[in-house]
Structures are given as C-alpha cells and as structure tokens.
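Each remark here refers to the structure printed beneath this line.
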Amino acid sequence: MTAQRIIHKRERFALTITRLCRHLIEEHGDFSNTCLIGVQTGGVELAERLRKRLAEMGVTGYDYGKLDTTFYRDDFRTAKGGLTPHPTEIDFLVENKRVVLVDDVLFSGRTTVSALTALNHYGRPAQVELLVMVDRRFRRALPVRANYRGLSVDTLDNEYVEVQWAETHGEDQIILTTP
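Here my numbering is used: the first residue of the sequence shown is 659, the next is one more, and so on.
See the structure below:
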C-alpha cells in the first residue's frame, strides 16, 4: 500500500513562487540579457507560473521558450513503453545570454544534463542557471546543483515527489509518495 502526504500546501506554494521570482530579479535585474526556458513537461508549468508572477512584479520583455529533452536523455532507449516527446518552442538564439533552465523536480540530474545538451542547438549561452521547485538532495547520480530552489527534500530512493498544479490537478501542492 502506498502512502501519500502533502509536503507543501497551496499557501506556501504561492509564497515559494514569489520568493523564486524575487531571487531572479535580484540576480538578473531587468532581464535584458536573460531568457527563461522551461523543460518539458513539469518545468514548463513552473516557468509559466514564474512568468505570470514576474509580469505582476513588472518584469516583462525577455525571451521565453520550452525545451524537450526526450531524445537527448541517456536512458530513452531503455525506457519501458513508448516515449511521448513534447514540442520544443524556442524561436530565439541563446548565444551570449543568461539562460535560466526551469524544471519542477531535481532528482538524478539526468534531465538537466540532457537539457544542457539540447540547449547547444540554440547557441552558446554566456551562463546557464538551474531553477527547480523541488530539490531532492542527496540522490544525485550526476554532479548537478540548482542555483535556485523552492524546497529541498530529503527522500529515500523509492519515494516519489510530485509537483501538482491547480491548472492540471485542481490544487497547487507538492506530494510525497512512499510505497
């Protein structure tokens, strides 16, 4: 039997989004040389929420894109079942820009490494930073570290962390599932 518990509720969720936006503004100023790229699929939902909140805070006019990493992963050939790639929507070059890659959960680091590889097709950025809603510390398979994190969670290997969004799940929350 699996057990689920909410580890981040709606109220804290909204505060976390605002805190992440303030941190980005502090580091990137007016975003004139910054672009935000959401990693499909969970990272896109987070990036959309960040964009909305940044606009409310007066930050607009920066490049935004969506990046699919499906065929850049080192494990896509071993995946069980069919893969469902999502469209990459980047209509600008990242050449000499500060790129903020956005993903929902950082676990092994494999998605981030594949995103870095995929990003190379759009130019050579001046800098790449990683923003995640949840950082599952101590479970990294690759040497990847988030520059911005909403929540750090210590988990066991068999536990699962899911970021749920009001738009798709009916409620903004983060769930920890234990088998």
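We put the CB at the ideal spot given by N, CA and C, even for glycine.
- For ILE832, the enclosing beta strand (DSSP E) stretches over residues 831-836.
- With fewer than 16 other beta carbons inside 10 angstroms of its own, SER810 counts as exposed.
- Rounded to whole angstroms, ASN816 and THR836 show a C-alpha spacing of 7 angstroms.
- Counting only runs of at least 3 residues, the stretch 715-799 fully encloses the following beta strand (DSSP E) elements, listed from N- to C-terminal order: 721-725, 756-764, 785-795.
- Bounds of the beta strand (DSSP E) holding LEU694 are 692-697.
- Here VAL786 is not near ASP761, since their CB atoms are 9 angstroms or more apart.
- Between the alpha carbons of ASP830 and ILE675 lies a distance of about 11 angstroms.
- Counting the other Cβ atoms within 10 Å of the Cβ of LEU673 gives fewer than 16, which makes it exposed.
- Per DSSP, the unbroken alpha helix (DSSP H) holding GLU684 starts and ends at 668-686.
- Counting along the chain, GLU820 sits inside the beta strand (DSSP E) bounded by residues 818-822.
- The alpha-carbon separation between ASP688 and VAL717 amounts to approximately 7 angstroms.
- Non-local C-beta neighbours of TYR730 in its own chain, meaning closer than 8 angstroms and more than five positions away in sequence, comprise SER772, ALA773, THR775, ALA776, ordered along the chain.
- For the pair CYS679 and LEU708, the CB atoms are nearer than the 9 angstroms cut-off.
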